[in-house]
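Asker: Right, I'll just put the structure down here and ask away after.
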Amino acid sequence: MINKLTKKNAITIIAGPCAIEDANQLDNVCKTINSLGLSWVRGGAFKPRVSPHSFQGLGAYGYDILHNIANKYSLLSLSEVVDTHSLSLALDKKIDAVQIGTRNMTNYSLLKDVGKITNITQCPVLLKRGMSSTVSEWLSAVEYIKENGNNNITLCERGIRTFDNTTRFTLDISAVPVVHKQSNYPICVDVSHAAGNSDIVPSLALAAIASGADAIMIEVHPNPKSAKCDGPQQLNLEQFKRLVDKMQKIAGSLEKELM
Ligand code: PEP
Ligand code: MN
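Right, dumping it as structure tokens:
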């Protein structure tokens with residue numbers, strides 16, 4: 021069976037920490053996701069950081085933790101790949117879906133390799149929008165993966181650079197209807213990297229659902245203050261539960277369910 025990240029009449033919630041730090045951290049997050057009846061967990065093992073001195077992720081061991089704990093709670097797992105080495109590791113370690121981050125949207129040789137290497141499995145690929153890329157450049161980047169053999173792709177709007185720096189990035193909510201109008205690909209909205217701050221994450225998530233997004237990505241950490249990466253934007257488990265409750269109400273009014 022080929023996994024799909026999204027389903028008609030449903031909104032996929034992809035929640036989890038920015039970076040996988042240890043098994044206990046991920047266990048707490050997965051337990052909560054499972055208790056809410058959701059099905060996907062995210063967590064970074066190879067982290068593309070601005071500074072080489074910042075935490076770079078646990079690497080292959082991070083994928084092991086993600087696979088094992090997702091499995092324990094019957095969840096599907098998604099994690100970023102940054103090159104063919106991490107892609108092979110992610111597939112070997114049975115990560116269920118791979119993410120290409122904003123910094124790699126224009127890494128065309130990686131996009132080609134992802135298409136070729138996932139050709140047989142049709143493993144779901146989440147392609148984030150480059151932070152300075154137009155929608156049309158992004159839709160063109162998708163073709164590199166598709167033309168090389170994998171069309172099981174979900175796009176992900178995660179905020180773009182504008183003159184305004186009130187938020188970490190500017191969430192381009194209009195990308196949701198535009199992508200639906202111009203392509204057949206489902207679209208996810210990553211509200212955490214756009215917001216940069218946890219207090220505005222709920223508003224962006226509700227707006228993204230109302231705009232017609234097929235999936236929402238939210239960073240969640242049992243103790244955001246101690247996070248090794250992106251602490252200020254991560255929701256704690258209680259905040260996440262409250263947000264899921266609100267998202268369920270908006271989704272319900274659109275006759276969709278959260279998954
Ligand atoms: C992430 O999702 O962990 C991430 C680094 O996102 P982005 O590529 O959007 O910055
Ligand atoms: Mn992050």
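Anchor point for the sequence shown: position 253 equals 273 in the working numbering, and the numbering is continuous, going up by one each time. Here a beta-carbon is modelled for each residue, glycine too, at the ideal position from N, C-alpha and C. If you're wondering where the values come from, they're calculated on a predicted model, not measured in any experiment.
Can you tell me whether Val209 is buried or exposed? The criterion is at least 16 other CB atoms within 10 Å of its CB, across all chains shown.
Answerer: Indexing the sequence shown from 1 puts residue 209 at position 189. The residue in question, Val209, is buried, as its Cβ has 16 or more Cβ neighbours within 10 Å.
Asker: Is DSSP giving Asp42 helix, strand or coil here?
Answerer: As a position in the sequence shown, residue 42 is number 22, starting the count at 1. Note: Asp42 maps to coil in three-state DSSP.
Asker: For a test of your reading of the model: does the CB of Gly121 fall under 6 angstroms from any non-hydrogen atom of the ligand PEP? Yes or no.
Answerer: If you number the sequence shown from 1, residue 121 lands on position 101. Yes, Cβ of Gly121 sits closer than 6 angstroms to a heavy atom of the ligand PEP.
Asker: Check whether the Cβ of Lys148 sits closer than 6 angstroms to any heavy atom of the ligand PEP, and report yes or no.
Answerer: As a first step, residue 148 is located in the sequence shown; it is residue number 128 there, counting from the start. At least one heavy atom of the ligand PEP is nearer than 6 angstroms to the Cβ of Lys148, so yes.
Asker: Taking Cβ positions, are Cys50 and Tyr93 nearer each other than 7 angstroms?
Answerer: Residue 50 sits at position 30 when you count from the first residue of the sequence shown. Residue 93 sits at position 73 when you count from the first residue of the sequence shown. Yes. Within cutoff.
Asker: Grab the span of the beta strand (DSSP E) containing Ser194 for me, first residue to last.
Answerer: Taking the sequence shown and counting its residues from 1, the one referred to as residue 194 is at position 174. Counting along the chain, Ser194 falls outside any beta strand (DSSP E), and DSSP gives it neither H nor E.
Asker: With a threshold of 8 angstroms, are at least 3 pairs of Cβ atoms found where one atom belongs to the region 94–114 and the other to the region 150–166?
Answerer: At 8 angstroms Cβ cutoff, the stretches do not touch.
Asker: What is the C-beta distance between Thr52 and Lys261, in whole angstroms, given that I count them as a contact (C-beta under 8 angstroms)?
Answerer: In the sequence shown, counting from the first residue as 1, residue 52 sits at position 32. In the sequence shown, counting from the first residue as 1, residue 261 sits at position 241. Right, their Cβ atoms sit about 7 angstroms apart.
Asker: Taking buried to mean at least 16 other C-beta atoms within 10 Å of its own C-beta, is Gln119 buried or exposed?
Answerer: For the purposes of this step, residue 119 is identified with residue 99 of the sequence shown, where counting begins at 1. Classification of Gln119: buried, given that the 10 Å Cβ count is 16 or more.
Asker: Out of Leu96, Ile193, Asp184 and Glu163, point me to the one whose CA is closest to Val61's CA.
Answerer: As a first step, residue 61 is located in the sequence shown; it is residue number 41 there, counting from the start. Val61 has its Cα closest to that of Leu96, out of Leu96, Ile193, Asp184 and Glu163.
Asker: Rounding to the nearest angstrom, what Cα-Cα distance links Cys176 and Leu263 in this structure?
Answerer: The count along the sequence shown starts at 1 and reaches residue 176 at position 156. The count along the sequence shown starts at 1 and reaches residue 263 at position 243. Going from the Cα of Cys176 to the Cα of Leu263 covers about 20 angstroms.
Asker: CA-CA distance, Ser246 and Asn256?
Answerer: By 1-based counting over the sequence shown, the position of residue 246 is 226. By 1-based counting over the sequence shown, the position of residue 256 is 236. Taking the straight line from one Cα to the other gives about 11 angstroms.
Asker: With DSSP collapsed to three states, give me the class of Gly272.
Answerer: Taking the sequence shown and counting its residues from 1, one reaches residue 272 at position 252. Three-state DSSP puts Gly272 in a helix.
Asker: Find out if the Cβ-Cβ distance for the pair Ala227, Ile236 is shorter than 7 angstroms.
Answerer: For the purposes of this step, residue 227 is taken as residue 207 along the sequence shown, with counting starting at 1. For the purposes of this step, residue 236 is taken as residue 216 along the sequence shown, with counting starting at 1. The answer is no: Cβ separation not under 7 angstroms.
Asker: In chain order, what residues of the same chain have a beta carbon less than 8 angstroms from the beta carbon of Gly64, not counting five sequence neighbours either side?
Answerer: For the purposes of this step, residue 64 is identified with residue 44 of the sequence shown, where counting begins at 1. Pro37, Cys38, Ala39, Ile40, Gly77, Gly82, Ser99, Glu100 and Cys249.
Asker: Cβ of Ile270 within 7 angstroms of Cβ of Ile229?
Answerer: Numbered from its first residue, the sequence shown carries residue 270 at position 250. Numbered from its first residue, the sequence shown carries residue 229 at position 209. Against a cut-off of 7 angstroms, the Cβ pair of Ile229 and Ile270 comes out as a contact.
Asker: Going by the C-beta, is Asp265 closer than 6 angstroms to any heavy atom of the ligand MN?
Answerer: Here residue 265 refers to the residue found at position 245 of the sequence shown. Not so, every heavy atom of the ligand MN lies at least 6 angstroms from the Cβ.
Asker: Using the DSSP secondary-structure output, state which residues sit across from Lys148 in a beta bridge.
Answerer: What you label residue 148 is simply residue 128 of the sequence shown in a count that begins at 1. Its beta-bridge partners are Cys176.
Asker: Report the three-state DSSP secondary structure of Cys249 (helix, strand or coil).
Answerer: Walking along the sequence shown from the start, residue 249 turns up at place 229. In this structure, Cys249 counts as coil in the three-state DSSP scheme.
Asker: Is the beta carbon of Cys38 within less than 6 angstroms of some heavy atom of the ligand MN?
Answerer: For the purposes of this step, residue 38 is identified with residue 18 of the sequence shown, where counting begins at 1. Yes, the beta carbon of Cys38 sits closer than 6 angstroms to at least one heavy atom of the ligand MN.
Asker: Our contact map puts Thr186 next to Ile137 with C-beta atoms below 8 angstroms; I'd like the distance itself, whole angstroms only.
Answerer: What you label residue 186 is simply residue 166 of the sequence shown in a count that begins at 1. What you label residue 137 is simply residue 117 of the sequence shown in a count that begins at 1. Not really, about 40 angstroms apart at Cβ, beyond 8 angstroms.
Asker: Need the endpoints of the alpha helix (DSSP H) that Thr104 sits in, please.
Answerer: The residue labelled residue 104 in the question sits at position 84 within the sequence shown. Start and end: Thr104 to Asp112.
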